[in-house]
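Quick notes on the structure that follows.
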Amino acid sequence: MAIIRSYIIKPQALDITWGNDPRYWRLHDKPQGPAELLQVCWLEVNGSIDLRLLKPNTDYTLHFNLFLKPDAFGWNESPVYFMVKVGKNGKPTWRSAYLRQDSQGNTFLAPNGKNPLKFRFDRQNMHEKLIFGLYEVWRGRWKGGLIIEDVVISVCR
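According to UniProt numbering, the residues represented by the sequence shown are 1 to 157, in order.
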């Protein structure tokens, strides 16, 4: 397999809790299309990729490309948590971020550059998966209007 410097995961490759229920999510028919959160009180989005696609002993960042619609709600009160870990039994790295209403109408990265979600792995983990996710499951507050464009894994600069 060729090793690349950046890897993009589209929403159709993610495991989105309630993602198949049109009351809560709108998944576009296009394979490259975004996922639109209509409303949930349990936000859980998980994904994984084969580490053989990435280069060992290299520092990487992972972020979600997100967009808040003008009618988005429920984001100011609760932080969203982001996680990455190498392998099923790996130690998770967590970051949190508030998705502010003042971000509405613009695509933004989360977690952002001030608080990046970094990871690294060595050759012994090459046959593992990189596991990652986005969560807000603890407060039980309803939220909606979030669009997930994609997840980007890239080499740290």
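Where a beta carbon is used, it is the ideal one built from N, C-alpha and C, also for glycine.
Bear in mind the structure is a predicted one, so any value in this text is a computation, not a measurement.
Option in the options with minimal Cα separation from residue i
i, options, result
"residue 73", "127, 100, 112 and 88", "100"
"residue 69", "83, 108, 136 and 29", "108"
"residue 87", "80, 58, 114 and 49", "49"
"residue 105", "10, 145, 81 and 121", "145"
Sub-8 Å separation of residue i and residue j beta-carbons
i, j, result
"residue 152", "residue 65", "yes"
"residue 8", "residue 150", "yes"
Local conformation of residue i per DSSP, three classes
i, result
"residue 70", "strand"
"residue 53", "helix"
"residue 89", "coil"
"residue 157", "coil"
"residue 5", "coil"
Euclidean distance between Cα positions of residue i and residue j
i, j, result
"residue 91", "residue 132", "12 Å"
"residue 97", "residue 110", "7 Å"
"residue 148", "residue 20", "15 Å"
"residue 1", "residue 76", "Confidence at residue 1 is low in this model, with a pLDDT of 48, below 50, so the placement of that residue should be treated as unreliable; the coordinate-derived value is given next. Going by the C-alpha atoms only, they are around 42 Å apart."
"residue 135", "residue 41", "11 Å"
"residue 125", "residue 56", "8 Å"
"residue 112", "residue 28", "26 Å"
"residue 94", "residue 143", "21 Å"
Residues near residue i by beta carbon distance below 7 Å, same chain, minus five either side
i, result
"residue 61", "116, 117, 118, 154 and 156"
"residue 137", "42, 43 and 44"
Own chain partners of residue i with C-beta closer than 6 Å, once the 5 adjacent residues on each side are dropped
i, result
"residue 85", "92 and 131"
"residue 67", "107 and 147"
"residue 14", "45 and 47"
Residues of its chain near residue i, where Cβ-Cβ distance is below 8 Å and the 5 sequence neighbours each way are ignored
i, result
"residue 24", "18, 37, 38, 39 and 40"
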